[in-house]
Amino acid sequence: MTKKNKPAHKLRAQAIILLWRVLAKCSPHALWRLAQLLGPQVHRFSQRERHVTNVNLKDVYPELDQAERHTRGRESLVHSTATMLELGFAWMAPPPRIEASIVEVHGRELLDEARGQGCGVIVLAPHFGNWEILNFWLSSHFPFTAMYEPPRICALEPIIRHGRERMGAALVPTNSRGVASLLKALKRSEAVGILPDQVPSWGSGVFADFYHRPAYTATLLPKLVARTQSRVVTGVALRLSGRGFAIHFLAADERVYSTDEAVSARGVNACVEDAITLDPMQYQWEYKRYRKTPEQEQNHPEHKKFRIYQK
1450 MTKKNKPAHK
1460 LRAQAIILLW
1470 RVLAKCSPHA
1480 LWRLAQLLGP
1490 QVHRFSQRER
1500 HVTNVNLKDV
1510 YPELDQAERH
1520 TRGRESLVHS
1530 TATMLELGFA
1540 WMAPPPRIEA
1550 SIVEVHGREL
1560 LDEARGQGCG
1570 VIVLAPHFGN
1580 WEILNFWLSS
1590 HFPFTAMYEP
1600 PRICALEPII
1610 RHGRERMGAA
1620 LVPTNSRGVA
1630 SLLKALKRSE
1640 AVGILPDQVP
1650 SWGSGVFADF
1660 YHRPAYTATL
1670 LPKLVARTQS
1680 RVVTGVALRL
1690 SGRGFAIHFL
1700 AADERVYSTD
1710 EAVSARGVNA
1720 CVEDAITLDP
1730 MQYQWEYKRY
1740 RKTPEQEQNH
1750 PEHKKFRIYQ
1760 K
């Protein structure tokens, strides 16, 4: 970054932090109402988000006609807008207010049973609902470790890190040191969170069907399971349209325990699909989940294999 750009980034960060502080004072109901006002404008004027959302919905739900895809695309971007507006609330609002906004918890017994048996728990947390609220709940109730990649605007990192760590979560880097930390946490029968639907770098994944189309999927999970014999669950924080949030933990597809990375990856994607059925429009459809293709992989024959290093 040049010196000329530094002041601009600093001013932008200050404006974002101020906005977060203002939004942190709002209730989930008020934030949802604001998202209902702003979301349609995002759909109307943000060509990139609208296009990617519509393409993904067409691939995933080919039975929908154009009018229905348009309606669902707009609804999806309302929820994505709500997620962005809720960041200040999730990171800066007093913990009792956030705890009060979580009005339902389903499937907690899946975590309790695994830890009661001395097993670590790997929580697959897809880009669904509000994953920051899920992080808050998990770190409030269990020893919890998650990978963390610093934001592009460096001045925002202290705020984001504090918001995610303030209830006890341990954030580790997205590299071999971070993976080693996840392994140690799982061997202590703790919980860790990983993103199951983020496109990994070449060499760190395999292609597996996601809604009947190949999606490049990370192979970190089977490596963690093989080293620790941990249990796997899917976790999401479902938005209740202004009433707050419902935490859902779902039993994982049994294929995630396969030692075959391709089979395990298909199980991971099936877990994401199961979570999406709770409310399909709360998934982040504007994410380019299919941006890497099998044809592209053929042009990267020398890509490095992802390895887990054990300290």
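So for the sequence shown, the working numbering puts the first residue at 1450; every next one is plus one. All residues carry an ideal CB built from backbone N, CA and C; glycine is no exception.
Which listed residue (the options) has its alpha carbon closest to that of residue i
{"i": "LYS1672", "options": "VAL1628, ARG1662, ARG1740, LYS1455", "result": "VAL1628"}
{"i": "ALA1664", "options": "SER1690, ALA1464, ALA1686, GLN1647", "result": "GLN1647"}
{"i": "ALA1714", "options": "HIS1576, LEU1669, SER1625", "result": "LEU1669"}
{"i": "PRO1592", "options": "ALA1604, VAL1572, LEU1506, ASN1579", "result": "VAL1572"}
{"i": "LYS1474", "options": "SER1707, ARG1676, TRP1540", "result": "TRP1540"}
{"i": "GLN1463", "options": "LEU1605, THR1623, THR1532, TRP1651", "result": "LEU1605"}
{"i": "PHE1494", "options": "LEU1699, LEU1526, ALA1516", "result": "LEU1526"}
{"i": "HIS1458", "options": "PRO1575, PRO1600, ALA1516", "result": "PRO1600"}
{"i": "CYS1720", "options": "THR1532, GLY1684, ALA1618", "result": "GLY1684"}
For residue i, the first and last residue of its enclosing alpha helix (DSSP H)
{"i": "GLY1627", "result": "1625-1636"}
{"i": "HIS1478", "result": "1477-1494"}
{"i": "HIS1590", "result": "1580-1590"}
{"i": "GLU1558", "result": "1557-1565"}
{"i": "GLN1745", "result": "1743-1746"}
{"i": "SER1550", "result": "1544-1550"}
{"i": "HIS1611", "result": "1606-1614"}
Same chain only: Cβ atoms within 7 Å of residue i, ignoring 5 sequence neighbours per side
{"i": "VAL1712", "result": "ARG1704"}
{"i": "PRO1743", "result": "PHE1656, PRO1663"}
{"i": "GLN1747", "result": "none"}
{"i": "VAL1570", "result": "LEU1560, ALA1563, ARG1564, ALA1640, SER1679, ARG1680, VAL1682"}
{"i": "VAL1501", "result": "GLU1735, LYS1737"}
{"i": "GLU1690", "result": "Rather than Glu, the amino acid found at residue 1690 in this sequence is Ser. Within the same chain, SER1690 has close Cβ partners TRP1481."}
{"i": "LYS1452", "result": "Reliability fails at LYS1452, whose pLDDT of 43 lies under 50, so the model's placement of it is uncertain and the value that follows must be treated cautiously. None."}
{"i": "VAL1717", "result": "LEU1573, PRO1645, THR1666, LEU1670, VAL1705"}
{"i": "ARG1740", "result": "VAL1648"}
{"i": "GLY1693", "result": "PRO1477, SER1550, ILE1551, VAL1552"}
{"i": "CYS1568", "result": "SER1638, GLN1678, SER1679, ARG1680"}
{"i": "ALA1764", "result": "Any property of residue 1764 remains undetermined from this structure, which presents the chain solely from 1450 to 1760."}
Continuous beta strand (DSSP E) stretch holding residue i: start and end
{"i": "MET1533", "result": "Where MET1533 is concerned, there is no enclosing beta strand (DSSP E), although the alpha helix (DSSP H) it sits in stretches over 1515-1534."}
{"i": "PHE1593", "result": "1593-1597"}
{"i": "GLY1654", "result": "1654-1659"}
{"i": "LEU1602", "result": "Note on residue identity: the sequence assigns Ile, not Leu, to residue 1602. Run containing ILE1602: none; DSSP gives neither H nor E here."}
{"i": "GLY1642", "result": "1640-1643"}
{"i": "PRO1622", "result": "1619-1622"}
{"i": "VAL1570", "result": "1570-1573"}
Cβ-based neighbour list, residue i, same chain, cut-off 6 Å, excluding 5 preceding and 5 following
{"i": "TYR1597", "result": "LEU1620"}
{"i": "ALA1634", "result": "THR1594, VAL1641"}
{"i": "HIS1555", "result": "HIS1697"}
{"i": "GLU1710", "result": "VAL1655, THR1668, PRO1671"}
{"i": "ILE1757", "result": "With a pLDDT of only 41 at ILE1757, under the threshold of 50, the placement of this residue in the model should not be trusted, and no figure is reported."}
Any non-hydrogen atom of the ligand GTP closer than 7 Å to residue i Cβ
{"i": "GLN1678", "result": "Inclusion of the ligand GTP in the displayed structure is not the case, the ligand content being empty and no account of it being possible."}
Own chain residues within Cβ distance below 8 Å of residue i, not counting five before or after
{"i": "ARG1523", "result": "GLY1488, PRO1489, HIS1492"}
{"i": "LEU1631", "result": "THR1594, MET1596, VAL1621, VAL1641, ILE1643, LEU1673"}
{"i": "LEU1460", "result": "none"}
Does the pairing of the segment 1602-1618 with the segment 1649-1662 give three or more beta-carbon distances under 8 Å? Counting Cβ pairs under 8 Å, fewer than three are found: no touch.
Starting from the N-terminal side, write out each stretch of the beta strand (DSSP E) that is 3 residues or longer and does not extend beyond the segment 1658-1710. 1662-1667, 1680-1688, 1694-1700, all fully within the segment 1658-1710.
Pairing CB atoms from the segment 1714-1727 with CB atoms from the segment 1584-1593, are three or more of them under 8 Å? Because the criterion of three Cβ pairs below 8 Å is not met, the segment 1714-1727 and the segment 1584-1593 do not touch.
Do the segment 1550-1561 and the segment 1511-1526 meet, that is, are 3 or more Cβ pairs less than 8 Å apart? No, the segment 1550-1561 does not touch the segment 1511-1526.
Indicate whether the contact test is met: 3 or more Cβ pairs, each with one atom in the segment 1530-1546 and one in the segment 1459-1479, closer than 8 Å. Yes: at least three Cβ pairs fall under 8 Å.
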